[in-house]
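UniProt numbering puts the sequence shown at residues 1 to 99.
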Amino acid sequence: MESIFHEKQEGSLCAQHCLNNLLQGEYFSPVELSSIAHQLDEEERMRMAEGGVTSEDYRTFLQQPSGNMDDSGFFSIQVILYLSLRVICQIAKLTNSCR
């Protein structure tokens, strides 16, 4: 390894910088992290709907902002974990460990 990649902290994009520094390259952007956060929000909404779309819990849930991201650049640990597992599986496929 000739040099160590370090993505300088910008705003509150800690998740992006953490992942890119760990992987030693510019692999993830705020746009990609936002896309994953929205996907996780939709999955959570669908799970909450299983309890009934007319329930008070579901209506309250719909009124809350995303727990997976916000406008400051915050991304939840769920977003970091999702992307980390995706990378691990890609590495495992390259080494024929994941089927």
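Note that the Cβ used here is the ideal one computed from N, Cα and C, for glycine as well. Being a predicted model, the structure only gives us computed values, none of them experimental.
Which one of Ile-91, Glu-56, Met-46, Glu-42 has the shortest CA to CA distance from Met-69?
Glu-42
In three-state terms, what does DSSP make of Phe-75?
strand
Which residues mark the beginning and the end of the alpha helix (DSSP H) in which Val-53 is found?
Unbroken run through Val-53: none, as it is neither H nor E.
What does the alpha-carbon distance come out to for the pair Lys-8 and Tyr-27?
14 Å
Between the Cα of Leu-23 and the Cα atoms of Arg-45, Glu-10, Leu-85, which residue gives the shortest distance?
Leu-85
Residues that DSSP places opposite Met-46 in a beta bridge
DSSP, once it has assigned bridges, lists no residue as partnering Met-46.
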